[in-house]
Amino acid sequence: MQFPTQSSPYLPPVNDVTRLMVTVMLAMIPGVLCLFWFFGWGVLFNLLVASFAAVGTEALILRLRRRPVRPTLGDGTALLTGLLLGAALPPLAPWWIPAIGASFAIAVAKQLYGGMGSNPFNPAMVGYVVLIISFPLQMTLWSPPHGAGHDLLPLLDAARLVFLEALPPGTRLDALTMATPLDAARNDIARNLTWSEILQRPLFGSFAGRGWEWINFGFLIGGLWLWQRRVIHWQIPAGMLGGLFLISALFYIADADSFGSPVFHFFSGATMLGAFFIATDPVSAATTPRGRLYYGAGIGVLVYVIRTWGGYPDGVAFAVLLMNMAAPTIDYYTQPRVFGHRDAGDDGND
Amino acid sequence: MLTAMLAIGILAALFGLLLGYAAIRFKVEGDPIVDQIDALLPQTQCGQCGFAGCRPYARAIAAGEADINQCPPGGETTIHALADLLGLDPKPLDAERGEHAEKTVAVIDEQVCIGCTLCIQACPVDAILGAAKQMHTVIESECTGCELCIAPCPVDCISMVPVKKDIRDWKWPYPQSAQRPVAASGE
Amino acid sequence: MMPPDDNAPAMTMLPDKPLRFPGGLQLASNKAQSLGGPIRSARLPRRLYVPLSQHIGEPAEATVKIGDRVLKGQQIARSLSYISAPVHAPTSGIVSDIGKYPVPHPSGLSAECLVIDCDGEDRAVDSGLKMRAALDADPAEIRQKVRDAGIVGLGGAGFPTSVKLNPGPGHQVELLIINAAECEPYISCDEALMCDRPQDVIDGIRIMQHALGARQALIGIEDNMPRAIECLTTALRNAQDTALRVVPVPTLYPAGGEKQLIYALTGREVPSQGLPIDIGMVCHNVGTAAAVARALIHGEPLISRVVTVTGAGIAQPGNLEVRIGTPIADIVEQCGGYTADVARLLMGGPMMGIALHTDQLPVIKTTNCILAASRDETPDPRPALPCIRCGKCADVCPASLLPQQLYWYARARDFDKVQDYNLFDCIECGCCAHVCPSHIPLVQYYRFAKTEIWDLERERQKSDLARQRHEFRIERLEREKRELEARRAHARKTPDQAGAGDADAKKAEIAAALQRVKARKAQQERESGTGESLGAEQQRPLTEREPRRATQQDDEA
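So this is what it looks like as structure tokens:
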């Protein structure tokens, strides 16, 4: 009898890229539901448009590159990039914002570098940064969270606004939008308000931005589930939150009036989304156990620095991209000690 | 103005002295680059490069008189190694010099050999044993497959045969595609 | 498990409880299928194919000729170098061929084998291996006997056991570790052996311990084998043996890796590129220990071994005592043949075994398992996707390597860099490839890189040799030229005598040569008939071989 041969091992594989990606998408559900609850239909439009744009661009470029389209799309990485970008965009942004962002993310940040596995930068965050630099105005189109101002736009009005850029009759765009808590806090600090005063404003909830507390909590729950399912390693979220905690606590202790508390930073902006879903993108992150910790901590510190002293309200995207650049170096210097070697630098890695 | 010129002048003199000292202190004897190039060549001594052996070719490369793509036995591996060493761009093998072929060794048909010793004189690595009017034989493990013994043989009793594939020298193939199984050709 | 013994001599400090080595995988054990009954004796096949190289090291050299009658246990090939092992006739019969036949090897290539046509009588020769009191004997004598018995590591690597029984000068063996972890799924031959023949195991360990002068000995065994643990501890208790301890280690693949087991039991790491003896330990497989007992107490050289025959592709899985050289097809037949599900044939386990392209291959000394697996058990490899650097491979790597980096450089054929990332610390356990979500055949990349690096090393040595020989030649030619010139210069100085003498001598030489050539030609013509008959003489065995081969192929068909 004749049999096929191959190299060991032979047991059925236990992991699968598609399954990992789907798990991550499922883990986004609690956070996305919170986003939807507080910001309305625009959130779903963003996710939808960004996903379509991402998958469509991937298919197009794969065809141009003469690569198999179907199996590659099936891995779900493009869809996840779209979803992650969509979840980070302001809900009242016109449809072409997620479309351009997701297309750029896939075409330039992913496929131009060689496709899945070869991109040095997190594609979703490249898309985000391109948008925030190119279209700063549209990127501030956040509505006030549910319960902090007027009611959310109903489905049709929201659709008309997003897809046709037509305002509901009798309203002005200014009236529909409101600064995010991070933005508001930064302006208030500039106006010499103290933190206790800032937190009194209707935009804020118990300890951070109204709604944002829950959104971050949702992503935290999803992230913990991802960790429990061993889809992500604990080091990057722990490093990022740890770094953010240390630096924010330091300044908070020094001057509680001018600097936000660690809790505020944990539950504001894209902290949890970033810590568990964005910084953990394995392709562009550090891969050694110790390296992941440093990588995460670097992001945490940079997020705080950009939020507090930088020109942009939230710094997750910039922080992640900056640490992406450092990842190869971090990996190189944090190689684990190989079994039977005296130290990490033993034999070779000079 | 004067101070600046003075300062620059002094600096120039200082660095000049330093360089001069270094040139004497760290002088390298011989020409190590030739050794390094020679170490990368396959040492078949076949002369296909147009030089009388590997070392002359190495010397020519070091002197910039020969290109790095003239060694068919070394093939792409050697070209890449040389390009790496010399900081050049690898280029395809010079087709005029020959093709990179499977490794072979010379075998003398001992029934036909007349014992003329011409092949012994041609062998660059003294891998052929025999004396005048005695049958000759090739030491297989020492033969580099240079084929230099073929031409001189008056009775054409030398042939090149591929090196025997041995289970102990077998190499795992480069994974082509996960779907294609490892090429396992039984005999 | 023996209670801690206060009277035991001073021992290496061991951890209270086995440690966890880095990485590793929980795998379904799948051992129960083949443990339904005791070890059965496989029947003698009609023909045995005994490879000359069934071990690490130099192949053995045949000491019998085609047509020789051999007896069971008779040495039929001897070892020529230190790291090598002799081969014995597994049964009585006639050597019908010595030549290249397919052997179990990932290449699917053939290697030198002795073919024995069994006569079915199974008559044995006195091997002379039996020792009356092995435990009082000189260690050197024990080593010699073990060597003569052809014993090699039966765990899979096949390293000559006598070499590993020699600690070498300047080494004191503190601890002998018996590897009974058998961590790979499906394989149960060691477990069956410990349950059925605990006495052989214990006797063998005692002899090994004595030969090594080891202060202490441990049996490391995975804790999912309670019956084997029970059998061994009962046997030890009955023998009132307190010096030997059975230590269960947590079931975690690859706990049976030598370095992993040593770490689990002692908390010490064997240095990279080093041997256990470097930290005062020696590790032997439990089956090897039993083989030592069979040889030195019962006088049987290594001519058979326990083989697990299992998998969903086998009708009646079980453990069989099989003669070395038995074709796998023969054993499969005795286990009820293949089921309809059979998709793949492996020698060894599903993590590290070799895929065989045919079942017409012999069982060799290192064949611990024949796994005829179904498609569900061992699916066809899925197309590989790009690496996403998820790091799951690094999580499970028992050597704490960075498999994703190794893959990157192996794929790029950057053999310097791949060694910088310690490729040669990889034990090819397969954990990384098993968890890879992109289904990259990582282990094959590492094997490719390793064999490629070895090959480059061989090439380098060969080219160094060629360079040396070339330089010697140039030197010689120059020296000869100088000598010639010197002679010429000398000749010019004294022209008349030397010149004339030279010319005369040359003439005479040429004449003599011509004479010789004539004589030789004449002789050749006379002898041409004889020459052909000699050729025919040599040809005879060859022509005889052909029909035999033909019949053999008929048998296979």
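Protein chains in written order, with this note's numbering: chain L, 1 to 350; chain Z, 351 to 537; chain X, 538 to 1094. We put the CB at the ideal spot given by N, CA and C, even for glycine.
A check of alpha carbon separations from GLU965(X) across THR5(L), GLN2(L) and PRO9(L) identifies PRO9(L) as the nearest. Neighbours of THR895(X) in chain L, taken as residues whose beta carbon is under 9 Å from its own, are MET1, GLN2 and PHE3 in chain order. The C-beta distance from PRO935(X) to PRO791(X) rounds to 6 Å, short enough to fall under 8 Å.
Between LEU883(X) and LEU908(X), the C-beta spacing is below 8 Å.
Residues of the region 110-128 of chain L that bring their beta carbon within less than 9 Å of a beta carbon in chain X comprise GLY114, GLY115, MET116, GLY117 and SER118, in sequence order.
Residue pairing of GLN2(L) in beta bridges, as defined by DSSP: THR895(X). Interface flag for GLN228(L) against chain X is unset, since no Cβ pair is found closer than 8 Å. Look at THR988(X): its C-beta is under 8 Å from a C-beta on chain Z. For the pair PRO144(L) and ALA93(L), the Cα-to-Cα distance works out to about 14 Å. Near chain Z, meaning a CB-to-CB distance below 8 Å, the residues of the region 609-642 of chain X are LYS637, PRO639, VAL640 and HIS642.
For ASN46(L), the enclosing alpha helix (DSSP H) starts and ends at 41-64.
Cβ neighbours of ALA317(L) within its own chain (closer than 6 Å, five residues either side excluded): MET125, TYR128 and VAL129.
Just measuring C-alpha positions, the residue of ALA880(X), ARG606(X) and LEU562(X) sitting nearest ASP656(X) is ARG606(X).
For SER975(X), the neighbours in chain L by C-beta distance under 8 Å run, in chain order, VAL17 and GLY117. Here GLY366(Z) is exposed: its Cβ has fewer than 16 other Cβ atoms, across all protein chains shown, within 10 Å. Sequence-ordered contacts of the region 833-858 of chain X with chain L are nonexistent [C-beta pairs closer than 8 Å]. The three-state reading of DSSP puts HIS1027(X) in helix, counting H, G and I together.
Scanning the region 209-279 of chain L from its first residue to its last, the whole alpha helix (DSSP H) runs of 4-plus residues come out as 212-228, 235-254 and 262-266. Assignment of beta-bridge partners to ALA661(X) by DSSP yields LYS609(X). By the C-beta density criterion, PHE376(Z) is exposed, having fewer than 16 other C-beta atoms within 10 angstroms.
Straight-line measurement puts the Cα of ALA54(L) at about 6 Å from the Cα of ALA78(L).
Shown here, VAL129(L) sits in a helix according to DSSP, grouped into three states.
MET25(L) is bridged by DSSP to nothing; it lacks a bridge partner. Of the residues assessed, LEU368(Z) falls on the exposed side of the cut-off, its CB having fewer than 16 other CB atoms within 10 angstroms.
Residues of chain X with a Cβ closer than 9 Å to the Cβ of TYR312(L) do not exist, since the nearest Cβ in that chain sits about 28 Å away.
For THR140(L), the secondary structure class from DSSP, reduced to helix, strand or coil, is helix. Between the alpha carbons of VAL652(X) and ILE901(X) lies a distance of about 13 Å. With contacts defined by Cβ atoms closer than 8 Å, LEU1014(X) and TYR983(X) do not form a contacting pair. When the beta-carbon positions are compared, ASN822(X) and GLY757(X) stay at least 8 Å from each other.
For ALA892(X), the closest Cβ of chain L is nearer than 8 Å.
Contact between GLY205(L) and GLU213(L) holds, with the beta-carbon distance rounding to 5 Å and staying under 8 Å. Assigned with DSSP and collapsed to three states, ILE925(X) falls in coil, not helix or strand. When Cβ-Cβ separations below 8 Å define contact, GLY480(Z) makes no contact with chain X. Annotated three-state conformation of VAL14(L) is coil, per DSSP.
With contacts defined as CB atoms closer than 8 Å, ILE744(X) and VAL829(X) qualify as a contacting pair.
Within the region 961-1011 of chain X, the alpha helix (DSSP H) runs of at least 4 residues that lie entirely inside it are, in chain order, 968-972.
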